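In full-length UniProt numbering, the protein residues as written are 37 to 495. For each residue, glycine too, the CB sits at the ideal point set by N, CA and C. In this text the structure is predicted, and so the values were computed from the model without any measurement. Heads up: the structure comes next, in structure tokens.
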Amino acid sequence: RLSRLATALPPTMPSPSLRLAVVGAGAAGLVAARELRREGHAPVVFERAAAVGGTCLYDAAPAASSADPLASGAAHSSLYASLRTNLPREVMGFLDFPFVATAVGGGADEDPRRFPGHEEVLRYLEAFARRFDLYGLVRFETEVVRVRREDGGGGRWAVTSRKLGEKGKPDEEVYDAIVVCNGHYTEPRVAHIPGVDSWPGKQMHSHNYRISEPFHDQVVIIIGASASAVDISRDLAGVAKEVHIADRSAPACTCKRQPGYDNMWLHSMIDHAQEDGSVVFRDGSSIKADVIMHCTGYLYDFPFLGDDSAITVDDNCVDPLYKHVFPLEVAPHLSFIGLPWKVIPFPLFELQSKWVAGVLSGRVKLPSREEMMEDMKAFYLKLEARGWPKRYAHNFADYQFEYDDWLAEQCDHPPVEKWRKLMYAANSVNKAARPESYRDEWDDDHLVAEAKEDFKKYL
Ligand code: FAD
37 RLSRLATALP
47 PTMPSPSLRL
57 AVVGAGAAGL
67 VAARELRREG
77 HAPVVFERAA
87 AVGGTCLYDA
97 APAASSADPL
107 ASGAAHSSLY
117 ASLRTNLPRE
127 VMGFLDFPFV
137 ATAVGGGADE
147 DPRRFPGHEE
157 VLRYLEAFAR
167 RFDLYGLVRF
177 ETEVVRVRRE
187 DGGGGRWAVT
197 SRKLGEKGKP
207 DEEVYDAIVV
217 CNGHYTEPRV
227 AHIPGVDSWP
237 GKQMHSHNYR
247 ISEPFHDQVV
257 IIIGASASAV
267 DISRDLAGVA
277 KEVHIADRSA
287 PACTCKRQPG
297 YDNMWLHSMI
307 DHAQEDGSVV
317 FRDGSSIKAD
327 VIMHCTGYLY
337 DFPFLGDDSA
347 ITVDDNCVDP
357 LYKHVFPLEV
367 APHLSFIGLP
377 WKVIPFPLFE
387 LQSKWVAGVL
397 SGRVKLPSRE
407 EMMEDMKAFY
417 LKLEARGWPK
427 RYAHNFADYQ
437 FEYDDWLAEQ
447 CDHPPVEKWR
457 KLMYAANSVN
467 KAARPESYRD
477 EWDDDHLVAE
487 AKEDFKKYL
């Protein structure tokens with residue numbers, strides 16, 4: 037594919053004012069719309085749901101749960117009822133719209149905690165949409181079903197969308213560029229378990245988990261060690277008979293009771309499942325379980341893009357992309373906001389959006405295609421040198437701030453605040469030291485004070 041680039045590229049015609057389609061009105065789509073409009077463009081935001089918020093829009097009754105608990109529910113979010121943020125609110129918010137009670141609007145529903153419940157995050161995104169007058173840009177209950185590159189060069193795209201619940205022909209309109217903000221928390225990734233097809237228990241994915249009550253007195257195996265696995269295992273330990281966590285990075289001999297719990301154990305990964313209801317771990321031990329819950333993350337999925345988008349998704353790596361945003365072959369007419377994970381998402385979305393907006397207007401220059409290609413190759417070499425599998429391509433655990441600051445520099449924006457970087461690190465340390473109580477006990481009040489001082493300029 038790369039060797040074709042020099043000839044396959046459409047003429048790039050950045051312009052101060054373009055008609056743009058943004059797919060999704062979650063945190064990424066909202067901030068993209070704001071930045072694109074600030075730059076002088078005319079964005080139209082397509083949103084399948086009836087409201088803004090995306091993942092942060094809690095859905096108490098996921099449609100997929102009864103029929104196939106492993107299936108995706110394209111229109112519902114992955115939040116569980118008990119979810120509180122795992123990042124402190126000062127860190128989480130957009131750079132110029134602090135996530136503080138006054139910005140959210142307070143009121144009877146207010147959740148002033150530093151690590152609030154998910155309802156407060158939704159209120160924050162709604163407040164953001166109101167404050168920057170974004171509602172008028174969104175076409176609700178409208179799904180993008182196909183994005184097709186227009187013939188004749190120029191880099192324009194035809195967008196086919198359909199209004200949900202309405203019969204009749206889908207609409208087709210032409211846009212100068214597409215900004216994809218469709219999120220990556222709806223298509224469950226499921227662990228492969230030999231023998232599971234004849235295992236008689238129930239499997240589900242954390243995508244469809246909401247509350248612990250249905251698991252009363254059951255034996256549940258949770259696969260995973262991520263934030264959701266940690267939260268859900270603790271949620272379940274309160275009602276289930278036993279909770280067993282299978283962690284693929286735990287040594288094969290692992291089988292230990294979790295401190296503070298008399299019904300929760302950590303194990304190595306599952307080896308196989310058997311017809312008699314037992315599940316065997318890699319150390320050879322086994323238990324009879326009622327439920328296997330896959331807390332194993334999600335897959336990138338762009339069902340509305342075809343081959344002409346010039347990207348592929350292979351082992352959960354979207355490529356070839358320049359800096360995880362622009363497909364080399366069609367930049368800047370197609371871009372992706374929000375692919376990186378293990379990050380502070382909202383500020384990263386904001387900086388990516390500023391960059392895309394600036395590039396589209398021609399104010400910010402992209403390097404030549406050859407340079408972008410070289411950069412991408414160097415990135416893959418680094419990934420290889422770390423011994424990371426391809427599916428970690430968008431895992432930014434070690435360099436999110438380097439990336440953020442690079443984006444900021446492209447846009448003549450100040451780097452991410454020092455207090456935010458320090459607070460993120462302090463939260464990681466606190467979470468490791470106090471896994472049960474980090475949301476209510478911490479040692480970084482001096483950074484909170486610094487953040488609040490900084491916020492004064494925006495409030
Ligand atoms: P989404 O929020 O998924 O929005 C995508 C939108 O696109 C959706 O509204 C969807 O309906 C729409 N869409 C998709 N396809 C189409 C289409 N074809 N046509 C029209 N519309 C479409 N982040 C934090 O900062 N702190 C936390 O504590 C935190 N905790 C989390 C806990 C969980 C369990 C999860 C799953 C995520 C958490 N995150 C947290 C991450 C954060 O919620 C996400 O990074 C963020 O909400 C993603 O925003 P997004 O706009 O990229 O995607």
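Check: Taking the alpha helix (DSSP H) that Ile247 falls in, what are its first and last residues?; Outcome: Run containing Ile247: none; DSSP gives neither H nor E here.
Check: Which residues in the same chain have their Cβ closer than 7 Å to the Cβ of Gly60, if we skip the five residues on either side of it in sequence?; Outcome: Glu83, Gly90, Cys217, Asn218, Gly219
Check: For the structure I just gave you, are there three or more beta carbon pairs, one from the segment 368–380 and one from the segment 230–247, closer than 8 Å?; Outcome: no
Check: Quick check on Pro152: does DSSP put it in helix, strand or coil?; Outcome: coil
Check: Grouping DSSP H, G and I as helix and E and B as strand, with all else coil, what is Trp478?; Outcome: coil
Check: In the structure shown, what three-state DSSP assignment does Trp235 receive?; Outcome: coil
Check: Whole angstroms are fine: how far does the CA of Thr196 sit from the CA of Val210?; Outcome: 9 Å
Check: Buried or exposed: Asp479, going by 16 or more other Cβ atoms within 10 Å of its Cβ?; Outcome: exposed
Check: Taking Arg475 and Phe151 to be in contact with their CB atoms under 8 Å, please state how far apart those CB atoms are, rounded to whole angstroms.; Outcome: 4 Å
Check: Would you tell me roughly how many angstroms separate the C-alpha atoms of Phe133 and Phe164, rounded to the nearest one?; Outcome: 7 Å
Check: What are the start and end residues of the beta strand (DSSP E) that includes Phe372?; Outcome: 370–372
Check: With a 10 Å radius around its C-beta and 16 neighbouring C-beta atoms as the bar for buried, classify Tyr334 as buried or exposed.; Outcome: buried
Check: Using a Cβ-Cβ cutoff of less than 8 Å, which residues in the same chain neighbour Glu186 once the five nearest sequence positions on both sides are dropped?; Outcome: Arg192, Trp193, Ala194, Val210
Check: Express the C-alpha separation of Glu155 and Glu410 in angstroms, rounding to a whole number.; Outcome: 43 Å
Check: Should Leu396 be counted as a contact of the ligand FAD given a C-beta to heavy atom distance under 7 Å?; Outcome: no
Check: If you drop the 5 nearest sequence neighbours on each side, which residues of the same chain put their C-beta closer than 8 Å to that of Gly129?; Outcome: Phe135, Val136, Ala139, Tyr160, Phe382, Pro383
Check: Looking at the ligand FAD, does it come within less than 7 Å of Tyr336, judged from the CB to the closest heavy atom?; Outcome: no
Check: Below 8 Å on the Cβ atoms is my guess for Asp283 versus Met305; work out the distance and round it to an integer in Å.; Outcome: 7 Å
Check: Let me check one thing: in DSSP terms, what residues is Tyr334 bridge-paired to?; Outcome: Pro224
Check: Report buried or exposed for Ser102, applying the criterion of at least 16 other Cβ atoms within 10 angstroms of its Cβ.; Outcome: Reliability fails at Ser102, whose pLDDT of 48 lies under 50, so the model's placement of it is uncertain and the value that follows must be treated cautiously. That one is exposed.
Check: Look at the alpha carbon of Asp326 and the alpha carbon of Gly237, and state the distance between them as a whole number of angstroms.; Outcome: 5 Å
Check: So, with DSSP's three-state summary, where would you put Ile268?; Outcome: helix
Check: In the structure shown, what three-state DSSP assignment does Tyr358 receive?; Outcome: strand
Check: Can you give the Cα-Cα distance for Ser113 and Leu66, rounded to whole angstroms?; Outcome: 17 Å
Check: Rounding to the nearest angstrom, what Cα-Cα distance links Val452 and Asp440 in this structure?; Outcome: 7 Å
Check: Would you say Arg422 and Cys353 are within 8 Å of each other, going by their C-beta atoms?; Outcome: no
Check: First and last residue of the beta strand (DSSP E) that includes residue 10?; Outcome: Not covered by the structure: residue 10. The range shown for the chain is 37 to 495.
Check: Taking the alpha carbon of His280 as the point to measure from, which residue in Val316, Lys359, Ala263, Ala87 has its own alpha carbon closest?; Outcome: Val316
Check: Could you check whether the Cβ of Val136 sits closer than 7 Å to any heavy atom belonging to the ligand FAD?; Outcome: no
Check: Going residue by residue through the segment 260–330, where are the continuous alpha helix (DSSP H) segments of at least 4 residues, counting only ones entirely within it?; Outcome: 263–273
Check: Mind reading off the beta-carbon distance from residue 502 to Ser53? Whole number of angstroms is fine, and I expect it under 8 Å.; Outcome: Summary: the structure shown does not reach residue 502, with the chain confined to residues 37 through 495, and so no result is reported for it.
Check: By how many angstroms is the C-alpha of Met408 removed from the C-alpha of Lys359?; Outcome: 8 Å
Check: Helix, strand or coil, according to DSSP, for Asp490 in the structure here?; Outcome: helix
Check: What would DSSP say about Tyr94, mapped onto helix, strand or coil?; Outcome: coil
Check: Return the CA-CA distance between Gln390 and Cys447, expressed in angstroms with no decimal places.; Outcome: Just to set this straight, residue 390 is Lys in the shown sequence, not Gln. Taking the straight line joining both Cα atoms gives about 7 Å.
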